[in-house]
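Protein chains in written order, with my numbering: chain P, 216 to 370; chain R, 584 to 757.
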Amino acid sequence: MASLPAGMKAHKRGPVDDFDEDEPLYRAFREQDLDGDKVSIDAIELPDMSVNRGRFGQPYWLLHLGIWEGCGVAAFEVRDARYSFPHLGVIHYRFDVVHTPTQDNYPHSEIYAYEGERHIKTPERMDPTVHLRYRNRLRQRLRVVIRPGEYTAPE
Amino acid sequence: MATLTAPTPGIHRGLLTIDPDSFPKSQGSDGQQIQQIAVAAEDHWKGRKGETQAKKIHLSALLEKVEGFGNLQAGWNGRRSPAPTPQAIEAARFLIRRMVEQDLDPTRLAPSAVGGVGVTRRVDDRIAYVECYNDGSVHAIFSDDKSEGETHRVRLDRTSVMHFLGLMGAYLNG
């Protein structure tokens, strides 16, 4: 098993709520998630999609986690994740990124979906046309920064 | 100008009944032309037959791939994704058959991270992505690398699917 970079451990640090619009967010993907040079929509899950914050770590840190060994990393920005779908002049669905650190992965964050002010926790509660459009938006913006197999985390 | 006076019964393909070997070369240039036409016709039909066979094999491979998604367990992608249900797989199989019939073969089949099966047809930077959800419902998005995309609800009866595939073909090939 790969060792974790020192900065990855939370060491009692709590979440930091503020995000810059141009802060990068990193997401691990498997070789089979690629369709051409892009991560396919089918590989993008919602709600509560996991990402790592660029402010608190490097993209390759994700590949130190056992489940992502040999995988690739794609990046997008906070401004890409923040998005609202108005319906009849009212913002009905909203997406935002929330810092949710874990003990072994301090940069860990999630993209939350809200209906009004309510956090939606299961995909069945979302309108498919909304999550398809949002996931397609992320597909368009995700750019591969580490190709699968390109980085091997040291033991 | 050659007169075709039905030689020995030969190859039967619809209205064409010609055996190329039954035209002796000694009939001169007309005979040679007729022979060339007959050979070309036979090659054409053999080609069509080969295409049909290749299509059947291709369809069978696609259906088998989707069927295999039924063996996945929840969390198959290292995340919290549910495994595709039999309803999602059945919907995908129905759709794939119609797509192949219409020469709109999927270019990618994969289980979906939100639950279900994702069927993609990509032409250059344009994609038609159809998601067959675990409850049996089907939605799609047509998009390129920039546009927000156009979404469709797909009803799984033959008429509605054919209408939807007409829209898909027009978008991807337009």
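Ideal placement from N, C-alpha and C gives every residue a C-beta, glycine not left out.
Judged by beta-carbon spacing, G719(R) lies beyond the 8 Å limit of I282(P), meaning their Cβ atoms are not closer than that value.
Judged by DSSP secondary structure, R348(P) falls outside any beta strand (DSSP E) and instead within the alpha helix (DSSP H) spanning 343-356. Per DSSP, the continuous alpha helix (DSSP H) segment holding L750(R) begins and ends at 741-756. In this structure, V713(R) lies away from V683(R), with their beta-carbon atoms at least 8 Å apart.
At least one beta carbon of chain R lies nearer than 8 Å to the beta carbon of I256(P).
Between V649(R) and A623(R), the gap from beta carbon to beta carbon reaches 8 Å or more.
For V288(P), the closest alpha carbon among the candidates S299(P), Q273(P), F244(P), I256(P) is that of F244(P).
CA-CA distance, R309(P) to P230(P), rounds to 21 Å. As DSSP reads the structure, L692(R) sits in a beta bridge with V702(R).
The beta-carbon of R245(P) is placed less than 8 Å from the nearest beta-carbon of chain R.
If you draw a 10 Å sphere on the C-beta of I306(P), you find fewer than 16 other C-beta atoms in it, and that means exposed.
Contact between F271(P) and P322(P) holds, with the beta-carbon distance rounding to 4 Å and staying under 8 Å.
Interface annotation, G701(R): in contact with chain P, CB-CB separation under 8 Å.
Between T344(P) and chain R, the shortest Cβ-Cβ separation is below 8 Å.
Considering only E260(P), L240(P), A221(P), R228(P), the residue with the shortest C-alpha distance to L347(P) is E260(P).
DSSP places Y275(P) in the helix class (H, G or I) of the three-state scheme. Using a Cβ distance threshold of 8 Å, Y329(P) and V313(P) do not count as a contacting pair.
Measuring C-alpha to C-alpha distances from L678(R) to each of L750(R), I710(R), D740(R) identifies D740(R) as the nearest. With distances taken between CA atoms, V293(P) lies nearest to L353(P) out of E365(P), L353(P), L219(P), G364(P).
Contact between the region 261-280 of chain P and the region 234-242 of chain P is present: three or more C-beta pairs spanning the two stretches fall below 8 Å.
Nearest in C-alpha terms to R681(R), of all of I710(R), L645(R), K729(R), I620(R), is L645(R). Taking 8 Å as the CB threshold, N351(P) lines the interface with chain R.
CA-CA distance, D727(R) to P220(P), rounds to 38 Å. In the DSSP assignment, D250(P) forms a beta bridge with K253(P).
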